[in-house]
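Here the structure is laid out as structure tokens; the discussion comes afterwards.
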Amino acid sequence: MKPVEITWKSTSCREYGYKGATEYRVLFEDIPDYIKDEWLEYAKGIGFNDEEIKNPRLEMELKLYENGDVEFKYYFDDYVSFRLHDEDEDGAIDVVAEFIKKHDKGLPDAYNKETDELMGDGDWILAAYGKEN
Numbered sequence: 006m007k008p009v010e011i012t013w014k015s016t017s018c019r020e021y022g023y024k025g026a027t028e029y030r031v032l033f034e035d036i037p038d039y040i041k042d043e044w045l046e047y048a049k050g051i052g053f054n055d056e057e058i059k060n061p062r063l064e065m066e067l068k069l070y071e072n073g074d075v076e077f078k079y080y081f082d083d084y085v086s087f088r089l090h091d092e093d094e095d096g097a098i099d100v101v102a103e104f105i106k107k108h109d110k111g112l113p114d115a116y117n118k119e120t121d122e123l124m125g126d127g128d129w130i131l132a133a134y135g136k137e138n
């Protein structure tokens, strides 16, 4: 699996739900065949274009805690969660953690400093894709 976009929620969002962690959203492509097959089965009858169905991307929501703990979930569209095999989960977390260590200061922030509010999920998704609101 290859991460293609990473967006983070500022540590400011700790006040809104959890303490001592920073939350990231990571979009992967080149996902394992077994999870792609599960997605294709689920996606039957959903109104996506062929490209979105045939080449799905997987989103990981990752919380990195100050004490080194990690919490994560994987999703496809509409936040349908899927379970990866342990070796794939470990590899994905390692790749993302390494990337974050190198590039964290340059990641888009889901905290809007001008309004002192967290962006909504739709705004966050646009930021992850590098689009303006």
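For the sequence shown, this note's numbering begins at 6 and goes up steadily by one. Note that CB positions come from ideal geometry on N, CA and C, so glycine has one too. None of the values given here were measured: they were computed from a predicted structure.
Worksheet item: Whose C-beta lies closer than 6 Å to the C-beta of residue 63 among residues of the same chain, with five residues either side of it excluded?
Response: For the purposes of this step, residue 63 is taken as residue 58 along the sequence shown, with counting starting at 1. Same-chain partners within the cutoff: 33, 36 and 79.
Worksheet item: Taking 7 Å as the line, does the beta carbon of residue 7 fall inside it for any heavy atom of the ligand NAD?
Response: Among the components of this structure there are no ligands whatsoever, and the ligand NAD is therefore not found.
Worksheet item: Considering only residues of the same chain and omitting the five flanking positions on each side of residue 67, which have a CB-CB separation below 8 Å?
Response: What you label residue 67 is simply residue 62 of the sequence shown in a count that begins at 1. Only 28, 29, 30, 31, 75, 76, 77, 98 and 101 meet the Cβ criterion.
Worksheet item: Quick one, are the C-beta atoms of residue 192 and residue 40 less than 8 Å apart?
Response: Beyond the ends of the chain as shown, which are 6 and 138, falls residue 192; an answer cannot be given.
Fill in: Of the residues 70, 65, 46 and 107, the one placed nearest residue 95, counting alpha carbons only
What you label residue 95 is simply residue 90 of the sequence shown in a count that begins at 1. Residue 65 is the option with its Cα nearest to residue 95.
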